[in-house]
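Taken in sequence, the protein lines are chains A and B.
All the letters of the first sequence, read from the start, carry residue numbers 153 to 312 under the numbering used here.
All the letters of the second sequence, read from the start, carry residue numbers 98 to 285 under the numbering used here.
Glycine included, each C-beta is placed from N, C-alpha and C at the ideal position.
Data first, discussion second: the structure below is written as structure tokens.
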Amino acid sequence: MSSAVISINILAAGLLVIAFFKDRKKTWQSLIAAAESFLRILPLALMIIVIIGLFSAFIPPSEIMKFIGAQAGWAGILAIAALGAVLHIPALISFPLAAALLQSGAAIASVAAFITTLTMVGVVTFPFEIKELGLRLALLRNGLSFIMAVIIALIMGMVL
Amino acid sequence: MNKRNTEKNGKERTSRKNTIRDYLVFFTVLVAGLVLLLIFPDKKDAVVTMAWSYFREMMAILPAVMVVMGLFSVFITKEQVVKYLGKTSGAKGPLVAIFFGALPTGPLYIAFPMAAALIRKGARVSNVVVFISAWACIKIPQELVELRFLGFKFMGTRLILTIFFVIFMGLFIEHLVAQKKQKQIPTQ
């Protein structure tokens, strides 16, 4: 087991013990909330796992490289950044997907662009954002976030 | 209060509907995958090995992530965050906003009304923008999952760049919004 897996499990167990001594009722509430969100994310997680399995066996790395590999260039990065902005996948699940894409030849910049727009730009949540913060602020935040996500991705492609 | 409750129930109902839809989509993908493997049995081993290794990874990490998020969402209330963030000012502001945004306390649509409450309370626009952006993309348990799957260099570099750009964006948007307000004064 990796250190990240161990540390998140220790963190969860430690917080659970502290919470239990502070307030038992709230701790139960938290566990129920945790079970609910686990059941909510489970179908997406399982789906991504099946897709990763199928992708790795059926789509050769050369195909993935063509679209989002190093030679795909600007168009590839912009396309996958736009895809990340539109899709509404929980970030938690996007990381294994990103890892599988990297393994099969995707460029670091493309993968970074995808994850960053996925979390920072929300086309699906955009109506909520307008309702609460107004069109101007929502538009500025999402628009600038998209540009920054692409810049972050390009820097990551150069540094790593 | 009543309206708030019905709104909450409405959201819960749509989220339940979405979950059922997600399960149906998963079963469709699963069946499609099984049919594919029946047609190409030689690919079976590769698919199963890959899927199984990712399955084990995710089952080792996801329950703990959910427990951490559940604890924070119950023990730290929206009101506490709004109260604390509304008070902070100065250079500390963006860092506090990032800290509270990064606490694992729930989906993004909860953050929008909190941000609106912060603006009404007179918090700086830059801090509010930083808060929402951090909420959207810098979650503590998420960073650990990213660390596991993409490695320390990838996670660390992306985290530092994101923090830097999010603060920069907050100040920039605040600057734009303030400029517009100044222009409006003479005409009023």
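Within the same chain, Cβ atoms closer than 6 Å to the Cβ of residue 171 of chain A are found at 179, the five residues on either side in sequence being excluded.
In the same chain as residue 257 of chain A, and ignoring 5 residues on each side of it, the C-beta atoms closer than 7 Å to its own belong to 213, 216, 217, 221, in chain order. DSSP places residue 236 of chain B in the coil class of the three-state scheme, outside both helix and strand. With 16 or more other CB atoms across the displayed protein chains lying within 10 angstroms of its CB, residue 222 of chain B is buried.
The way I'd put it, the segment 173-190 of chain B does touch the segment 200-215 of chain B; three or more beta-carbon pairs between them come closer than 8 Å.
With distances taken between CA atoms, residue 180 of chain B lies nearest to B/197 out of B/244, B/197, B/271, B/245. As the crow flies, the alpha-carbon of residue 199 of chain B is around 45 Å from that of residue 139 of chain B. A contact between stretches requires three or more CB pairs, one per stretch, nearer than 8 Å, and the segment 157-173 of chain B meets this requirement with the segment 160-167 of chain A. Residue 248 of chain A and residue 228 of chain A have their C-alpha atoms roughly 20 Å apart. Shown here for residue 236 of chain B: same chain residues with a beta carbon closer than 7 Å to its own, the five before and five after excluded, namely 199, 201 in chain order. Listed along chain A are 296, each with a C-beta nearer than 8 Å to that of residue 269 of chain B. Counting other Cβ atoms within 10 Å of its Cβ, residue 124 of chain B stays below 16 and is therefore classed as exposed. Looking only at B/189, B/152, B/238, B/170, the smallest Cα-Cα distance to residue 160 of chain A is reached by B/238.
Under the three-state reduction of DSSP, residue 200 of chain B is assigned to coil, being neither helix nor strand. By the C-beta density criterion, residue 188 of chain B is exposed, having fewer than 16 other C-beta atoms within 10 angstroms. Check the Cα spacing between residue 208 of chain A and each of A/292, A/259, A/251, A/266: the tightest is with A/251. Note on residue 275 of chain B: under 16 other CB atoms within 10 angstroms of its CB, so exposed under the neighbour-count rule.
When the five nearest sequence neighbours on each side are left out, the beta carbons in the same chain lying within less than 6 Å of the beta carbon of residue 245 of chain A are those of 196, 197, 200, in order along the chain.
One alpha carbon belongs to residue 191 of chain A, the other to residue 204 of chain B, and they sit about 15 Å apart. Only residues of its own chain outside the window of five on either side were considered, and among them 290, 294 have a CB closer than 7 Å to the CB of residue 278 of chain A, listed in chain order.
Nearest Cα to residue 264 of chain B within the set B/230, B/243, B/250, B/241: B/230. The beta carbon of residue 276 of chain B sits no closer than 8 Å to any beta carbon of chain A. Interface annotation, residue 177 of chain B: not in contact with chain A, CB-CB separation never under 8 Å. Counting only runs of 4 or more residues that sit fully inside the segment 141-180 of chain B, the alpha helix (DSSP H) segments are 141-172, in chain order. Contact check for residue 259 of chain B against residue 304 of chain A passes: the beta carbons are separated by less than 8 Å. Nearest to residue 206 of chain B by alpha-carbon distance, out of A/184, A/223, A/275, A/309, is A/275.
Within the same chain, Cβ atoms closer than 7 Å to the Cβ of residue 252 of chain B are found at 240, 243, 244, the five residues on either side in sequence being excluded.
Residues of the segment 153-166 of chain B that bring their beta carbon within less than 8 Å of a beta carbon in chain A comprise 154, 155, 157, 158, 159, 160, 161, 162, 163, 164, 165, 166, in sequence order. Residue 312 of chain A carries a coil assignment under DSSP once its states are collapsed to helix, strand and coil.
With respect to chain B, the C-beta atom of residue 185 of chain A has a partner C-beta closer than 8 Å. Residue range 176-210 is occupied by the alpha helix (DSSP H) that includes residue 191 of chain A.
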